[in-house]
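Heads up: the structure comes next, in structure tokens.
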Amino acid sequence: MEFSDSKLYRYIKALSYDEKMMLFSLYKKNKSIRLVAKEQKIDKDTVRRRRDHLLNEIKNILGDENNV
């Protein structure tokens, strides 16, 4: 996978394996929050909170790039 923004690349690279798999499962594999929670053996609210946090961080990184 190629990233044009080195800041975004560093952020994605720094994610834990579970966080990467969560985003991959939700967006690349189109799995439901319930199914991801079951696979990772965590509560679905935890999946939701982590997803929202990660997406906000990514939006902030991409937003910073657009404001330069």
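Just so you know, we're using this note's numbering here: the sequence shown kicks off at 4 and counts up by one. Ideal placement from N, C-alpha and C gives every residue a C-beta, glycine not left out. If you're wondering where the values come from, they're calculated on a predicted model, not measured in any experiment.
- For Asp21, the enclosing alpha helix (DSSP H) stretches over residues 20–26.
- Between Tyr14 and Ile64, the C-beta gap is smaller than 7 Å, which places the two residues in contact.
- Membership of Ile36 in the alpha helix (DSSP H) is indicated by the continuous run 36–43.
- Taking a contact as a CB-CB distance under 8 Å, the pair Leu26 and Leu57 counts as one, their CB atoms being some 6 Å apart.
- The criterion of a C-beta distance shorter than 7 Å is not satisfied by Val50 and Ile61.
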